[in-house]
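Chemist:
There are 2 protein chains.
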Amino acid sequence: MVNALEMIHTETEKSILKAAKLVFYKKGLAAARMQEIADEANINKAMLHYYFRSKQKLFEAVFIQAFRELAPLLNTIFNSDKPIFEKIRDFVDSYITFVTDNPYLPTFIIQEVNINPHFGKTFFANQVMPDPSLFQKQLAEAAEQGIIRPIDPRQFVLNLISLTAFPFIGKGLVTGILELDETAFKALMEERKKLIPEMIINTIKVQ
Amino acid sequence: MVNALEMIHTETEKSILKAAKLVFYKKGLAAARMQEIADEANINKAMLHYYFRSKQKLFEAVFIQAFRELAPLLNTIFNSDKPIFEKIRDFVDSYITFVTDNPYLPTFIIQEVNINPHFGKTFFANQVMPDPSLFQKQLAEAAEQGIIRPIDPRQFVLNLISLTAFPFIGKGLVTGILELDETAFKALMEERKKLIPEMIINTIKVQ
DNA sequence: TCCATTATTAACCATTTGGTTAAATTTGAT
DNA sequence: ATCAAATTTAACCAAATGGTTAATAATGGA
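Here the protein sequences line up with chains A and B, keeping their order. Going by this note's numbering, the first residue of the first sequence is number 78, and it counts up by one from there. Going by this note's numbering, the first residue of the second sequence is number 78, and it counts up by one from there.
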């Protein structure tokens, strides 16, 4: 059973979480079935409630873990004193690598936040969010030194995440419109590891 | 009742579709409830089945309409003989304007395709998709004339859609991380109508 | 070894939900 | 005005689903 700090995970609890991730990631909260999670974990359905009380609570446990896997990637940009251009390359590379291996993760988070905005709001309000302030300072200093043009850091982050994350989130649509199979899609994404940093650096760099 | 070509829509049928859109867009297929749609349309639940047979069929009717509202936007890029740079500005402007007024539409489509990839695949296979071939030719010619650098048209489209669509699709996450309220978000999006074309043109233009 | 606590199971339950049906009402062509 | 077809309603149904419970088994400290 879980202790007060909700940190001790028994084997059963772990296997439930693993199964719940699988099902929630793929189907989302609404379409996921407790019985399917139980089957996936080879366990009695009552155990899900024994360890997590309710479907909602189990979902929240999965969601918080998902978020904590994804959020640290942003710190490649936000909390690192490497030069800006290097950080951009690092972020794009590590994000694309990560999402290629965990394709359901970002989609899952965005999906659930969209379907239930209230849940998203209260969740974010109670999370330690990656802090962009250091990065904002870095951008401002680089602009002062004439290395890059002045740019709204929010638009910068938006551009970076958009270019990197969207193709995965809209994968179904993208592969449909561009008529890509799995191999072609992966090849394109691999290309983007170079292409995106070039594009962004080219945009902000003072020639 | 619907005729053979599924084109005649009675008032009742229209009001059902309108209500169904509202509910499906906001909640998605799995979380949507037939009773809620009926209530929204001020109509007896049996009417939903009388006109559309099943939840799945009603959903498909909504989905196809959603797709046909969104897909034509791509023709701003694909099927128009305007100069490339002008097309880019037109697309970004019209897309951002459209999605600001219809925030649930792209999210809805991407969401359902993600949750049910098989549905997405068969749907796209049976749709007249926007045809990128003309645009590919235009890009190739412009590159030959030395107006732009040679670029993979698929990457180009990917960049364009990513930068334009992602902030809306990930709105919940984006506003959470960047701590934006509704007004700030809209202002940023308005800015992007200029920013995105600049960025893309700057990337492909031969200096 | 004993026993209290914890973990696990199978059966069960109440509610929700998509869908049906039969009767009633409306519509419109003749 | 008549009547058959189309539309609408209220009541109903079976299956699915999240959740509970009471009995059983395993665990581990005294």
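Just so it is clear, CB atoms sit at the ideal spot from N, CA and C, and this is done for glycine as well. From a predicted model like this one, the values you see are computed outputs, not experimental measurements.
Work out the CA separation of residue 261(A) and residue 130(B) for me, nearest whole Å.
Modeler: Translated into positions along the second sequence, residue 130(B) becomes position 53. Translated into positions along the first sequence, residue 261(A) becomes position 184. Their Cα atoms are separated by approximately 39 Å.
Chemist: On the three-state DSSP scale, how would you describe residue 154(B)?
Modeler: Taking the second sequence and counting its residues from 1, one reaches residue 154(B) at position 77. Of the three classes helix, strand and coil, the one that applies to residue 154(B) here is helix, per DSSP.
Chemist: Quick one: using the 10 Å Cβ neighbour count with 16 as the cut-off for buried, is residue 98(A) buried or exposed?
Modeler: Stepping through the first sequence from its first residue, residue 98(A) is reached at position 21. When all chains shown are included, residue 98(A) counts as buried.
Chemist: Flag residue 188(B) as yes if its beta-carbon sits less than 7 Å from any beta-carbon of chain A, otherwise no.
Modeler: The residue you call residue 188(B) lines up with position 111 of the second sequence. Yes, residue 188(B) counts as interfacial toward chain A.
Chemist: Which value, in whole angstroms, describes the spacing of the CA atoms of residue 227(B) and residue 255(B)?
Modeler: Taking the first residue of the second sequence as 1, we reach residue 227(B) at position 150. Taking the first residue of the second sequence as 1, we reach residue 255(B) at position 178. If I take the Cα positions, the gap works out to 35 Å.
Chemist: Excluding the five sequence neighbours on either side, which residues of its own chain have a C-beta within less than 7 Å of the C-beta of residue 122(B), listed in chain order?
Modeler: The residue you call residue 122(B) lines up with position 45 of the second sequence. So the list reads 111, 112, 115, once near-sequence residues are dropped.
Chemist: Expressed to the nearest angstrom, what Euclidean distance is found between the alpha-carbon atoms of residue 82(A) and residue 142(A)?
Modeler: Position 5 of the first sequence, counted from the start, is the residue given in the question as residue 82(A). Position 65 of the first sequence, counted from the start, is the residue given in the question as residue 142(A). Note that residue 82(A) scores 40 on pLDDT, short of 50, meaning its location in the model is unreliable; the coordinates nonetheless yield the value given after this. About 15 Å.
Chemist: Rank 148(B), 189(B), 173(B) by C-alpha distance to the C-alpha of residue 204(B) and give the top, closest one.
Modeler: The sequence position of residue 204(B) within the second sequence is 127, counting from 1. Comparing Cα-Cα distances from residue 204(B) to each of 148(B), 189(B), 173(B), the minimum goes to 148(B).
Chemist: When you compare only the Cα positions, how much space is there between residue 161(A) and residue 200(B)?
Modeler: Position 84 of the first sequence, counted from the start, is the residue given in the question as residue 161(A). Position 123 of the second sequence, counted from the start, is the residue given in the question as residue 200(B). Taking the straight line from one Cα to the other gives about 43 Å.
Chemist: Between residue 227(B) and chain A, is there a C-beta pair that is closer than 7 Å?
Modeler: Your numbering for residue 227(B) matches position 150 in the second sequence. For residue 227(B), the answer is no, since every Cβ of chain A falls outside 7 Å of its Cβ.
Chemist: In whole angstroms, what separates the C-alpha of residue 251(A) from that of residue 173(A)?
Modeler: Here residue 251(A) refers to the residue found at position 174 when the first sequence is read from its first residue. Here residue 173(A) refers to the residue found at position 96 when the first sequence is read from its first residue. Using only the alpha carbons, I get a separation of about 16 Å.
Chemist: Buried or exposed for residue 133(B), please, with buried defined as at least 16 other CB atoms from any protein chain shown within 10 angstroms of its CB.
Modeler: Stepping through the second sequence from its first residue, residue 133(B) is reached at position 56. By the neighbour-count rule (16 or more Cβ atoms within 10 Å), residue 133(B) is not buried but exposed.
Chemist: For residue 280(A) and residue 233(B), I'd like the C-alpha separation in whole angstroms.
Modeler: Residue numbering aside, residue 280(A) sits at position 203 when the first sequence is read from its first letter. Residue numbering aside, residue 233(B) sits at position 156 when the second sequence is read from its first letter. Rounded to the nearest angstrom, the two C-alpha atoms are 15 Å apart.
Chemist: Establish whether the CB of residue 239(A) and some CB of chain B are separated by less than 7 Å.
Modeler: Position 162 of the first sequence, counted from the first residue, corresponds to residue 239(A). Yes, residue 239(A) lies at the interface with chain B (some Cβ there is under 7 Å from its Cβ).
Chemist: Helix, strand or coil for residue 159(A) per DSSP?
Modeler: Sequence index remark: in the first sequence, residue 159(A) carries index 82 (1-based). Residue state, collapsed to three classes: coil.
Chemist: Is DSSP giving residue 278(A) helix, strand or coil here?
Modeler: In the first sequence, the residue the question calls residue 278(A) occupies position 201. When DSSP states are grouped into helix, strand and coil, residue 278(A) belongs to the helix group.
Chemist: With a threshold of 6 Å, establish whether the CB of residue 128(A) neighbours any heavy atom of the ligand PLP.
Modeler: Only the bare structure without any ligand can be found here, which leaves the ligand PLP out of the picture.
Chemist: Is residue 120(B) helix, strand or coil when you go by DSSP?
Modeler: Along the second sequence, one-based indexing puts residue 120(B) at 43. Residue 120(B) falls in the coil class under three-state DSSP.
Chemist: Buried or exposed for residue 215(A), please, with buried defined as at least 16 other CB atoms from any protein chain shown within 10 angstroms of its CB.
Modeler: The residue given as residue 215(A) occupies position 138 in the first sequence. By the neighbour-count criterion, in which 16 or more other beta carbons inside 10 Å mark a residue as buried, residue 215(A) falls on the buried side.
Chemist: Would you list the one or two residues that DSSP bridges to residue 225(A)?
Modeler: Translated into the one-based positions of the first sequence, residue 225(A) becomes position 148. According to DSSP, residue 225(A) bridges with 282(A).
Chemist: Residue 150(A): which of 164(A), 158(A), 168(A), 136(A) sits nearest, CA to CA?
Modeler: Residue 150(A) sits at position 73 when you count from the first residue of the first sequence. Closest by alpha carbon: 168(A).
Chemist: Note down, in chain order, each residue of its chain lying with its Cβ closer than 6 Å to the Cβ of residue 78(A), except the 5 sequence neighbours on either side.
Modeler: Indexing the first sequence from 1 puts residue 78(A) at position 1. Because the pLDDT of residue 78(A) is 44, which lies under 50, any placement of that residue in the model is unreliable, and the number read from its coordinates should be weighed accordingly. Cβ contact annotation for residue 78(A) (same chain, cutoff 6 Å, sequence separation greater than five): none.
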